[in-house]
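Visitor: Mind having a look at this structure? Questions to follow.
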Amino acid sequence: MTDAPKGLMDFVREAKSRIKEVDGDQLESMRQERPDLMILDVRESSEHESAHIEGALLIPRGILEAAADTQYPKHSEVLVNARNRPVVVYCASGGRSAMAADTLQKMGFREVYSLAGGIEQWEKDSRPLVREARYV
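Below is the structure:
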């Protein structure tokens, strides 16, 4: 008998079992107490452009491993230099960020968190967002 193939939520659950999550209050406290904090948005650029948390670095989930790999020629210096800093990762609802946080931990990042509920929960809690102008 063969095990059923895994689905997206299986991967998210597995990642969440290996990472730490923070809520909006904890992220706000970290922003005040940890000036070296990096906030990492792993959504797509169109999502980031419509609304994002102030100061967030955009690195879409699809290129995260390349961006975080010092051996990859086109890695992100900003990201690889954050290996020893606290990093809070967020996405829309928390799934992509959980998998991204898990990946970053496996790649040697020492203090990584995922924002529980993602930017959707952040917005529901009436927290500030940067909204870029959109042109049609």
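Positions in the sequence shown are counted from 1; adding 19 to them yields this note's numbering.
All C-beta atoms, glycine included, are put in the ideal place defined by N, C-alpha and C.
Which residues in the same chain have their Cβ closer than 7 Å to the Cβ of Ile78, if we skip the five residues on either side of it in sequence?
Guide: Within the same chain, Ile78 has close Cβ partners Leu59, Val61, Ala86, Ser95, Leu98.
Visitor: In terms of alpha-carbon separation, which member of Glu151, Leu148, Gln124 lies closest to Pro105?
Guide: Ranking Glu151, Leu148, Gln124 by Cα distance to Pro105 puts Gln124 first.
Visitor: Our contact map puts Met126 next to Ala34 with C-beta atoms below 8 Å; I'd like the distance itself, whole angstroms only.
Guide: Met126 to Ala34, Cβ: 14 Å. No contact.
Visitor: Apply the 10 Å Cβ neighbour rule to Asp156 and answer buried if 16 or more other Cβ atoms are within range, or exposed otherwise.
Guide: The structure shown does not extend to residue 156, since the chain is modelled only from 20 through 155, so no value can be given for it.
Visitor: Ser145 and Ile38 look like a contact to me (Cβ under 8 Å); what is the Cβ gap, rounded to whole Å?
Guide: Going by Cβ atoms, the distance from Ser145 to Ile38 rounds to 26 Å, so no, they are not a contact pair.
Visitor: Taking C-beta to C-beta, are Asn103 and Arg129 nearer than 9 Å?
Guide: Contact flag set, yes.
Visitor: Do Leu46 and Val107 count as a contact pair if the criterion is CB distance below 9 Å?
Guide: A contact, by the Cβ cut-off of 9 Å.
Visitor: Can you check DSSP and say which residues form a bridge with Ser133?
Guide: Partner(s): Glu40, Val108.
Visitor: Give me the Cβ distance between Ala135 and Gly114, rounded to the nearest whole Å; I'm assuming they're in contact under 8 Å.
Guide: Contact doesn't hold; Cβ gap of about 11 Å is too wide.
Visitor: Using DSSP's beta-bridge definition, name the partner residues of Ile72.
Guide: Bridge partners of Ile72: none, in fact.
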